[in-house]
Amino acid sequence: AQKITQTQPGMFVQEKEAVTLDCTYDTSDPSYGLFWYKQPSSGEMIFLIYQGSYDQQNATEGRYSLNFQKARKSANLVISASQLGDSAMYFCALRRSNYQLIWGAGTKLIIKP
Amino acid sequence: DGGITQSPKYLFRKEGQNVTLSCEQNLNHDAMYWYRQDPGQGLRLIYYSQIVNDFQKGDIAEGYSVSREKKESFPLTVTSAQKNPTAFYLCASSISLTGPNEQFFGPGTRLTVL
């Protein structure tokens, strides 16, 4: 069965520190993709970063990077130099072979000033 | 600006009534999706549409119905058959169903059934 697990329900991080949000997945598909989204309190989901299973390098988008360890089936999101505006829910999602996404339960990140 | 609009933002209905949630996009995307989000949980797929006049059931389609008569619009009807309809509903679209295309989301509709 395909599954996404985010083991950290909540995290507190000091402003300007780096933070790693964990995501592990389980799939038997040879080709798949992993997405990270941010959900502020307003409710809208905001796309952050994508990693394909065959991508040779870890994805990066500005302050966001994805620590992709294929053998361990993990795709952790790293946010460098955290800001107060980073406080939100963060969701990891796995793209299945039928192209649908399955979602983790999310991690609530709170940045402390 | 291009984007996805959902209306209304908050919706209250009496138990037993059908209700339709609106979703419109002007991104010229072929694929559209409806998700349900419950507190403390990730999103679950209700229905998706790859192209006009075609749609497929997702993981939790029971008690819901959709239509895709126009590329821009993908309304969701929550019927009285849905046993626990109170939730946050998110509409999304992507360039196509296939490939690594990210999904763009609307602001959501919070439905409360009294």
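Protein chains in written order, with this note's numbering: chain A, 428 to 540; chain Z, 2 to 115.
Positions of the beta carbon are idealized from the N, C-alpha and C atoms, including for glycine.
Since the model is a prediction, treat every value here as computed from it, not as a measurement.
query, result
"Please look up how many angstroms separate the CB atoms of residue 437(A) and residue 89(Z), rounded, as I've assumed it's under 8 Å.", "Wrong, their Cβ atoms sit about 19 Å apart, outside the cutoff."
"Rounded to whole angstroms, what's the CA-CA distance from residue 114(Z) to residue 444(A)? Just pull it up for me.", "42 Å"
"With contact counted as at least three CB pairs below 8 Å, one residue from each stretch, are the segment 98 to 107 of chain Z and the segment 69 to 81 of chain Z in contact?", "no"
"Mind checking if residue 99(Z) is an interface residue toward chain A, Cβ cutoff 8 Å exclusive?", "yes"
"I'd like to know whether the C-beta of residue 474(A) is nearer than 8 Å to at least one C-beta of chain Z.", "yes"
"Keeping to the same chain, check which residues put their C-beta closer than 8 Å to that of residue 546(A); ignore five residues upstream and five downstream.", "No answer is possible for residue 546(A): it lies beyond the span of chain A, which begins at 428 and ends at 540."
"Return the residue from the list 486(A), 515(A), 429(A) that minimises the CA-CA distance to residue 502(A).", "486(A)"
"Ends of the beta strand (DSSP E) at residue 160(Z)?", "Missing from the structure shown is residue 160(Z); chain Z here goes from 2 to 115 and no further."
"What number of angstroms, rounded off, separates the C-alpha of residue 510(A) from the C-alpha of residue 465(A)?", "14 Å"
"For residue 493(A) and residue 449(A), I'd like the C-alpha separation in whole angstroms.", "10 Å"
"Along chain Z, in chain order, which residues have C-beta atoms closer than 7 Å to that of residue 515(A)?", "The premise fails here: residue 515(A) is roughly 13 Å from chain Z at the closest Cβ pair, so nothing lies under 7 Å."
"Pull up the distance between the alpha-carbon of residue 91(Z) and that of residue 512(A), whole angstroms please.", "22 Å"
"Can you tell which of 66(Z), 64(Z), 70(Z), 12(Z) has the C-alpha that lies nearest to the C-alpha of residue 25(Z)?", "70(Z)"
"Check the Cβ of residue 491(A) against every Cβ in chain Z and list those closer than 7 Å, keeping chain order.", "Chain Z residues near residue 491(A): none, gap ~13 Å exceeds 7 Å."
"How is residue 460(A) classed by DSSP in three states: helix, strand or coil?", "strand"
"Could you please give me the residues that DSSP links to residue 32(Z) through a beta bridge?", "95(Z)"
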